[in-house]
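Protein chains in written order, with the numbering used here: chain G, 2 to 208; chain L, 87 to 191; chain Z, 3 to 698. Structure record follows, encoded as structure tokens.
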Ligand code: HEM
Ligand SMILES: [Cu+2]
């Protein structure tokens with residue numbers, strides 16, 4: 002057995018059983034994420050085909066509905082949360098104690114919830130101005146793609162809460178450690194998807 | 087083997103470097119679009135290149151993935167995804183663009 | 003939107019007029035009576051199952067040994083049972099359609115709407131609830147045994163996948179009794195399936211049965227891939243894996259990457275129908291071509307994920323019954339991989355006529371033709387395997403022969419269709435129907451039936467009756483030929499597919515030949531049932547408990563039949579391809595061990611059943627817009643799934659002493675047994691211990 006038994010951050014040999022168990026479950030989770038990536042990918046491709054005069058169908062276009070400043074803040078929140086989750090993972094890997102791990106998880110959770118709040122506020126503004134999904138093909142695709150990412154973030158947030166509960170109940174048993182590792186992967190993955198969203202949807206739409 | 091804390095500090099530094107690079111690669115395209123300084127085509131290429139670079143940065147610095155991993159089999163599956171995704175996305179856009187052109191013409 | 007938020011009537015949009023009995027009473031035409039008859043069959047069948055289970059007191063064993071089991075072998079068997087049940091409905095529907103068209107010169111006995119429902123349910127069932135579960139079931143059963151594993155990587159997820167697949171099948175069955183299924187074909191193209199043209203619940207049944215089952219299939223794919231990557235026995239390099247496992251790996255990869263576009267297209271259609279989105283509508287920027295594109299991004303890889311495992315079965319069957327090692331193993335592996343990748347580059351051939359430019363069509367046409375090359379390589383490899391072998395013409399070999407001849411014809415008609423200019427002439431005609439049945443029946447279905455016959459004794463400890471097997475296989479082969487070859491001709495004459503009747507009398511004789519073929523196929527289905535029944539009755543005579551009835555070459559035969567729940571007392575060590583054949587030749591196949599170990603297995607769990615019941619409830623709630631029920635089901639499933647992650651005590655241990663005892667008992671029986679040579683393979687002398695007179 003080596004110190005690195007799967008792609009991404011490893012627990013390391015000193016975690017014994019948990020590290021060994023991680024090889025299989027982490028690989029499984031990678032495969033799941035790749036499937037999810039394809040899911041997002043085909044929605045992106047479909048979205049791109051709707052940012053046309055035909056898809057916009059005389060309704061509001063990207064320049065009319067996107068709020069670049071809010072998107073920038075959301076991007077910063079999510080990027081920072083990726084860093085803070087990374088720190089939580091390092092705390093786990095280097096056995097810096099439950100308190101540190103919980104602290105960084107809570108920071109991540111806070112940033113994630115901040116992101117969701119801003120995103121929902123943007124959606125509400127769009128709705129209020131009549132930019133609803135039933136207005137055009139473009140808005141339909143927008144409201145399939147971006148909220149799907151938001152839904153993933155919400156799921157990640159719930160997952161963080163569940164893991165906080167499991168850390169409290171079980172302590173850092175192997176099962177909990179490998180789950181935290183998978184959650185970390187998930188969270189980084191959401192950030193990578195967000196890069197694609199702000200580049201293709203927002204910046205591409207406003208360029 | 088290195089001491090625990092030196093290793094931690096080194097890894098922490100890796101994260102922070104990654105964070106800084108990601109920050110730059112985010113701020114630059116945002117700023118360019120906000121100021122509207124570039125033509126549509128140039129802006130699009132800058133956005134595209136920054137996005138791809140940032141993807142690589144995140145994989146390299148946040149997820150610690152490099153090409154020297156012992157677990158090659160796993161990595162292959164991951165790279166394979168990128169191949170398939172490009173086929174699907176590029177194909178979709180090609181097909182739909184061809185259709186759109188012919189409908190206007 | 004108002005209807006959506008209407009919580010008044012607790013059953014959503016359901017009314018009594020949705021019951022086929024009420025419809026038939028109000029309007030007693032042949033079509034409605036057939037509908038009511040089918041609904042009664044579903045209801046009576048369901049009741050009969052309940053009565054039988056209660057009468058024989060089988061509820062408890064059913065629950066304990068099957069429904070809550072996480073054993074890949076039992077899950078595999080349940081998949082196949084589901085598939086066979088759905089097969090009988092699908093075949094009957096096919097025969098009904100053939101009867102309609104046989105009498106369809108200007109009329110017939112079915113209404114157009116009923117006919118449309120028939121081809122929609124038939125297609126959906128055959129693809130998603132016959133072929134997919136059969137493939138998933140065979141892989142589930144066989145693959146872990148072939149790689150020397152104890153179970154799948156994620157046994158509980160495996161159970162959940164089965165549960166989700168079953169939800170889809172149950173929803174299609176329920177649509178016979180409550181309301182009506184879609185009339186939009188198995189592809190469900192909008193805008194026809196959109197709210198404007200199909201305001202009823204039909205497309206919603208299609209959407210939710212396919213979407214929910216699709217999620218199950220994605221999880222299955224992940225499970226297969228991880229199992230093959232991570233659970234192989236020591237020494238089993240990728241290039242020592244049996245060919246069936248290779249095809250399972252490729253099928254898994256196709257599942258993982260091809261199912262997402264299906265999920266996306268079905269859910270987008272749902273958004274259009276439920277929330278007024280404009281993905282595929284005719285107005286406000288919707289674009290139905292996006293649906294065609296997304297659906298076939300899934301659809302084409304789908305057919306390869308069905309046929310590759312069938313190729314895998316034939317590879318095993320032909321090698322075993324030719325008494326030789328497989329010819330061109332490496333070329334078969336590379337061909338399989340090439341087909342998997344290429345299958346993602348050809349989806350456009352399903353909509354050549356949609357209106358894109360000639361360059362696009364040419365590119366995809368050429369890519370399609372290229373797939374014929376690796377497929378051709380495989381055909382030559384199989385023939386070379388048989389060349390100078392000592393071939394035993396067993397039942398699976400009959401299927402294999404039928405496959406080799408008929409599948410090549412089907413493949414060639416595919417190459418014809420790959421030429422866009424020809425496709426412009428024959429697309430949407432019954433030529434196409436002939437083509438895809440010609441690859442699906444001799445390819446997928448014969449492959450699955452050959453696998454069923456081949457591995458049945460492994461799963462149950464007794465062989466299937468050979469006599470009835472020959473009858474079944476022969477009827478399938480001739481039935482297929484009579485049913486579908488006339489359709490090539492009718493298609494070239496211009497008969498459109500999916501048409502309830504026709505006005506050109508020159509189609510008439512062809513339709514009559516086809517209905518004769520359908521009678522033979524009904525006979526094949528009946529013979530399949532009789533074979534199972536006769537074999538169970540004669541199971542004492544047919545018993546092969548020692549595990550190796552066909553002088554097999556791969557590891558699944560190196561354990562008793564049926565195998566113990568932990569598969570192998572000692573995980574085998576692999577040093578070559580066809581490890582079991584090598585071990586038998588060296589005389590080291592049946593040895594006791596010095597150190598048996600405790601074996602850890604997952605405990606039974608009800609989570610799969612909970613997801614299955616919750617999923618069915620959710621599907622019905624969404625179809626009938628019963629929002630309170632949807633809420634209850636979603637919350638229930640979430641609580642159950644999250645709650646399940648709080649279970650810590652999920653394993654049980656089988657003590658080493660028990661393992662040792664069982665293993666030694668089996669070894670003793672083998673030591674006492676008389677080896678049987680290949681000439682006596684189909685006689686009662688065969689107890690599953692093969693003589694090594696012709697080892698090579
Ligand atoms: C076993 C005997 C079978 C018979 C008699 C039969 C007959 C038919 C008929 C009459 C149609 C309608 C053709 C038309 O549109 O004009 C049809 C469609 C279809 N069949 Fe079969 N079939 C059989 C087996 C299968 C199998 C094994 C599969 C797949 C594994 C299959 C898949 C399909 C599909 C996908 C369609 C297209 C449905 C649509 O138009 O949306 N069939 N079949
Ligand atoms: Cu195809």
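The beta-carbon is built from N, C-alpha and C at its ideal position, and this holds for glycine as well. Predicted model only: the values in this text are computed from it and were never measured.
- Residue nearest to residue 488 of chain Z within the set Z/21, Z/520, Z/163 and Z/305 is Z/520 (criterion: CA-CA distance).
- Here residue 250 of chain Z is actually not in contact with residue 573 of chain Z; their C-beta atoms are around 19 angstroms apart, not less than 8 angstroms.
- With respect to chain G, the C-beta atom of residue 109 of chain L has a partner C-beta closer than 9 angstroms.
- Between residue 142 of chain G and residue 65 of chain G, the C-beta spacing is not below 9 angstroms.
- Within the same chain, and ignoring the five residues on either side of residue 553 of chain Z in sequence, the residues whose Cβ sits closer than 6 angstroms to its Cβ are 692.
- Residue environment analysis places residue 110 of chain L among the exposed positions, since fewer than 16 neighbouring C-beta atoms fall within 10 angstroms of its C-beta.
- In this chain, the alpha helix (DSSP H) harbouring residue 205 of chain Z covers 204–232.
- Per DSSP, the continuous beta strand (DSSP E) segment holding residue 601 of chain Z begins and ends at 601–604.
- Interface flag for residue 171 of chain L against chain G is set, since a Cβ pair is found closer than 9 angstroms.
- Contact of residue 103 of chain L with chain G by beta-carbon distance below 7 angstroms is absent, the smallest such distance being about 11 angstroms.
- For residue 654 of chain Z, the enclosing beta strand (DSSP E) stretches over residues 653–656.
- Excluding the 5 residues flanking it on each side, residue 165 of chain G has same chain C-beta neighbours closer than 7 angstroms at 103 and 106, in chain order.
- For residue 95 of chain G, the chain L residues whose C-beta falls within less than 9 angstroms of its own C-beta are 90, 91, 93, 94 and 97, listed in chain order.
- Residue pairing of residue 678 of chain Z in beta bridges, as defined by DSSP: Z/692.
- When Z/411, Z/318 and Z/421 are compared, the shortest CA-CA separation from residue 350 of chain Z is found for Z/421.
- Exclusion of residue 298 of chain Z from the 8 angstroms shell around ligand 1 follows from its C-beta lying no nearer than that to any non-hydrogen atom of the ligand.
- Residue 92 of chain Z is positioned such that its CB atom lies closer than 9 angstroms to that of residue 131 of chain Z.
- Residue 80 of chain Z and residue 596 of chain Z have their C-alpha atoms roughly 36 angstroms apart.
- Only exposed fits residue 667 of chain Z, as fewer than 16 other CB atoms lie within 10 angstroms of its CB.
- Cβ neighbours of residue 26 of chain G within its own chain (closer than 7 angstroms, five residues either side excluded): 179 and 183.
- Taken atom to atom, the span from the alpha-carbon of residue 452 of chain Z to that of residue 171 of chain G is near 50 angstroms.
- Cβ-Cβ distances below 8 angstroms link residue 266 of chain Z to 296 in the same chain, with the five nearest sequence neighbours on each side left out; the list follows chain order.
- Ranked by Cα distance from residue 179 of chain Z, the options Z/623, Z/635, Z/58 and Z/42 are led by Z/42.
- Rounded to the nearest whole angstrom, the C-alpha separation of residue 7 of chain G and residue 148 of chain L is 15 angstroms.
- Short of 7 angstroms from the beta carbon of residue 413 of chain Z, and not among the five residues preceding or following it, lie these beta carbons of its own chain, in chain order: 374, 377 and 441.
- For residue 154 of chain G, the enclosing alpha helix (DSSP H) stretches over residues 138–171.
- Residue 545 of chain Z carries a strand assignment under DSSP once its states are collapsed to helix, strand and coil.
- Using beta-carbon distances, residue 151 of chain L does not count as an interface residue toward chain Z, since no partner is under 9 angstroms.
- Per DSSP, residue 313 of chain Z is one residue of the alpha helix (DSSP H) stretching across 290–324.
- Nearest CB-CB separation between residue 40 of chain G and chain Z: below the 9 angstroms threshold.
- Sequence-distant partners of residue 548 of chain Z (beyond 5 residues in either direction) whose C-beta falls short of 8 angstroms from its own C-beta, in its chain, are 562, 563, 668, 671, 672, 675, 689, 690 and 691.
- In this structure residue 398 of chain Z is buried. Its beta-carbon is surrounded by 16 or more other beta-carbon atoms within 10 angstroms.
- Runs of the alpha helix (DSSP H) spanning 4 or more residues and lying entirely within the region 446–483 of chain Z occur at 448–462, in chain order.
- Residue 126 of chain Z is not a Cβ neighbour of residue 51 of chain Z, given a cutoff of 9 angstroms.
- At the C-beta level, residue 196 of chain Z and residue 299 of chain Z stay beyond 9 angstroms of one another.
- CA-to-CA, the gap between residue 371 of chain Z and residue 417 of chain Z works out to about 6 angstroms.
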